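Anchor point for the sequence shown: position 68 equals 68 in the working numbering, and the numbering is continuous, going up by one each time.
Heads up, the beta-carbon is just placed ideally off N, CA and C, and yes, glycines get one too.
A quick note: this is a predicted structure, and the numbers were derived from the prediction, not measured.
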Amino acid sequence: MMMNCRESLGAMFLLGMLASSGAQAQYYLGVEAGRERLSFRPEYSYVNGDPNDRYDNRAHGAVLGAVGGYRWQSAGDFSLGLEGRLSVSNTDWELTLPEPARFRYDVPVSVAVGLLPTYRVTENFSLFAETGLALGKIRERKTTSNATRSRYDVSTWRPGFVAGVGMRYAMGDGWSVRAGYRRTWYKEHDFNTHRADGSQVEAVSSKVVQSTVTLGLMREF
């Protein structure tokens, strides 16, 4: 899922309006940490004609991110931020079966850039939304010592669409704290599985959804 041309043009128009209206601009940097849920949704198609299998494999863990951005503050209560983020995660989904087989899926690192329209409710308290694009490193692995069973080791960077909401509290002297919820839908990716002799067993189509709840500390310059 990607931003279409109309949304991109609308975002550029809004930035241009803020710049031409004499809006004040500020850089900011920060860190955020929180909890994450990953959902891996593979669908297996079997070359022998067996019915397809679908799964929803979920895991929870911690996420840590570094944030940098640029905020345009209008004369009123509206502002718009352009923000970049680098995140690392220790979340992984693991499963061991008596085949024997071991599965391990994770998204250890991701980057994102997005727009954050913000409305100031009081002098210190603001609400914001987030929309943007992401790029995540997705790894899906199955290992087995049984030569007749399928195995795979996939590592791929996939684009995604980001949406979220949150709140921000200004503490003074350029410092603020914020809390937010964010979800990323990564573009579907396809791969094949094989036996030890190289013969194909399955064709897999996999979707990944990443959901995070974070608390961050920001500093404006």
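- DSSP, reduced to helix, strand and coil, places Asn57 within a strand of the structure shown.
- Exclusion of the five residues before and after Gly216 leaves Gly30, Glu32 and Arg178 as the residues of its chain whose Cβ lies within less than 6 Å of its Cβ.
- By the Cβ criterion, the region 165-178 is not in contact with the region 189-197, since fewer than three pairs of Cβ atoms, one from each stretch, lie closer than 8 Å.
- Residue pairing of Arg120 in beta bridges, as defined by DSSP: Ser126.
- Residues of the same chain with a CB within less than 6 Å of the CB of Glu220, apart from the 5 flanking positions on each side, are Gln26, Tyr28 and Gly174 in chain order.
- The beta carbon of Phe125 sits closer than 6 Å to those of Tyr169, all from its chain and outside the five residues before and after it, given in chain order.
- Of Ala112, Phe128 and Val111, the smallest CA-CA separation from Thr118 is found for Phe128.
- Between Thr148 and Asn48, the alpha-carbon positions lie close to 14 Å from each other.
- The straight-line gap separating the alpha-carbon atoms of Gly68 and Leu135 is approximately 16 Å.
- Of the residues Val201, Val213 and Glu140, the one whose Cα lies closest to the Cα of Trp93 is Glu140.
- The C-beta distance from Glu36 to Ser145 rounds to 32 Å, too long to fall under 8 Å, and the pair is not in contact.
- Taking a cut-off of 8 Å for Cβ pairs, the region 80-95 and the region 56-66 touch, as three or more such pairs fall below it.
- Gly132 is the residue among Val121, Gly132 and Gly76 whose C-alpha sits nearest the C-alpha of Arg85.
- Looking only at Arg183, Lys187, Met171 and Gln73, the smallest Cα-Cα distance to Glu130 is reached by Arg183.
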